[in-house]
Amino acid sequence: MVSISTKKILNHKLFKTIKMVIEECGIESYIIGGFVRDFILIKENSKDIDFLCADSGIKLAKLLKKALVNSSKIKIFKNYGTAMFSWNGFKLEFVGARKESYNFNSRNPVVEKGSILDDQKRRDFTINSIAISLNKTNYGKIIDPCNGIEDIKKRILRTPLNPNKTYNDDPLRMLRAIRFSSNLNFKIEEKSLEAIYNNVNRINIISKERIVDELNKIILSPKPSLGFLILDKTGLLNKIIPEVSNLKGVEEVEGYSHKENFYHTLEVLDNISLKTDNLWLRWAALLHDIGKVPTKKLIPGSGWTFHGHEFVGSKMVYKLYKRLKMPLNEKMKYVQKLVLMSSRPIVIAKEIVTDAAVRRLVFDAGDDIDDLICLCKADITTKNQKRFSKYHKNFELVTKKIIEVEEKDRIRNFQPPLDGELIMSYYGIKPCEKIGKIKESIKEAILEGKIPNNKKAAFELMKSIGKELGLAPANEK
Ligand code: ATP
Ligand code: MG
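Numbering-wise (the working numbering), the sequence shown opens with residue -17 and increments by one.
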């Protein structure tokens, strides 16, 4: 018997109004889905609430909207008998109880009216099928015909109906299973895992946008490797991001082997997830080594190299984003940049940390320098304790130097101390190659630490370079 009290959540002003409306109209209604699941998990209460009605959901939505002042405009989907609106930060969604049957080529079901029980059974997982009654006769009672509460306690994901049919009908559910498993650290029932494995090819009917939505949620899990290991095990990873699954394995030739780059990548992703919720920084961690697959080479007598993998990897990011129909915007450029620069701080940290190297690093990374350092620290996965602490110590040195150099030379968002206009007017010349040369030499001298980053020093240097280039000041002509 269930002994969970729903009083605490039903005390909210929102539910008091709902109770009144339902008592008056008599529409049999329940709360269902993620809100109930999260409440039972004693997670923070979600702000998205799904309502299930014995009749159409639209009628209740309209009545409730009237009773709740300051609610948003109502959106109605007549064909599905659903409606939604927001109120006070809550997203309220109303659906009429239904049965579903599926067409092979689409994940959109043919909808048919059904009982409350039918509707609970058509849900993806038992943990999402638990309902709380909002009706007068049994207000607050938990209705759990699929034993969702027991599964929450056992931390298991199970489909109410045959898993093979469930995933075959709507293959998005395969990714939802992995997303919930990764987010909540729940196990997917063995039968279900097998069914996912058997339905992997069905993922082809799912739109890229939906796939990426779920993928992002997996990446944002507290420990994303949990999800990625299942994606890999079921064969879905290879279908969605083969660039990452291709990192798997260690090749040994003539006694030379290399790092296992797939598990390394997952470790880096987990490490970075302890530090940041920035989705795109997590994406950069996931993709930072993908260039190692096409660049891998055995140099006889020396070992494996992955020369240029950062550059190749950053190009692959573009292709991957394009294929997954992800926006090719600033965020993608940020991921590309971090992949491209992912070895730079490590090289510095492994050697003597010179001011010039740090200045160049800050110049190239700009405002993303802190994220880059964060990525590189996460990239230290060596199990050799001595090396681990040596790299981390060197990174502290790099971080300290970055602050010093920044205070002195303001390299982060480098603005040339002399602009082209000033140089042109000093020599009385039009834009030409020589102006570019002078500007570049000044920038190089600052980055190398030959001159400080100020106008006076830059001006002096300009005069001597101008002379070398055969330029005379305008006022001496
Ligand atoms: P969250 O909002 O945290 O992502 P959720 O469980 O609320 O999780 P929603 O996508 O908001 O997920 O869906 C609400 C409910 O609708 C789910 O709890 C589940 O009962 C049902 N549901 C959603 N998508 C599917 C699907 N593809 N197949 C079957 N049932 C689904
Ligand atoms: Mg939800």
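All residues carry an ideal CB built from backbone N, CA and C; glycine is no exception.
- Three or more beta-carbon pairs separated by less than 8 Å link the segment 107 to 126 to the segment 4 to 21, which places the two stretches in contact.
- Under the 10 Å beta carbon count, F86 is surrounded by fewer than 16 other beta carbons and is classified as exposed.
- For G39, the shortest C-beta to heavy atom distance toward the ligand MG is 6 Å or greater.
- Taking a contact to require three or more Cβ pairs closer than 8 Å, the segment 63 to 73 and the segment 126 to 134 do not qualify as touching.
- Sequence-distant partners of E191 (beyond 5 residues in either direction) whose C-beta falls short of 8 Å from its own C-beta, in its chain, are K307.
- E171 sits buried, since 16 or more C-beta atoms from the chains shown fall within 10 Å of its C-beta.
- The straight-line gap separating the alpha-carbon atoms of S296 and G290 is approximately 10 Å.
- Cβ-Cβ separation between A266 and L357: approximately 6 Å, consistent with a contact (criterion under 8 Å).
- Every residue whose beta carbon comes nearer than 5 Å to a heavy atom of the ligand MG appears here in chain order: G16, D30.
- In this structure, D259 has its CB at a distance of at least 6 Å from all heavy atoms of the ligand ATP.
- Contact check for V299 and L269: beta-carbon distance about 6 Å, within the 8 Å limit, so the pair qualifies.
- At a Cβ-Cβ threshold of 7 Å, T247 and D271 count as neighbours.
- With a threshold of 16 other beta carbon atoms within 10 Å, F244 meets it and is buried.
- The C-alpha of D401 lies about 45 Å from the C-alpha of D252.
- Among the bridge pairs identified by DSSP, S115 is matched with Y12.
- Distances from the CA of G237 to each of E458, S284, I178, K215 were compared; the closest alpha carbon is that of S284.
- Under the DSSP assignment, S446 falls in the alpha helix (DSSP H) whose first and last residues are 437 to 450.
- If only complete runs of 4 or more residues are kept, the segment 39 to 123 shows the alpha helix (DSSP H) at 39 to 49, 98 to 103, in order along the chain.
- By the C-beta criterion, the segment 344 to 352 is judged to be in contact with the segment 385 to 398, since at least 3 inter-stretch pairs fall below 8 Å.
- Collapsing the DSSP output to three states places V232 in coil.
- Around V232, the same chain offers S239, E242 as residues with beta carbons nearer than 6 Å, after the five sequence neighbours per side are excluded.
- For the ligand ATP, no non-hydrogen atom lies closer than 6 Å to the CB of L443.
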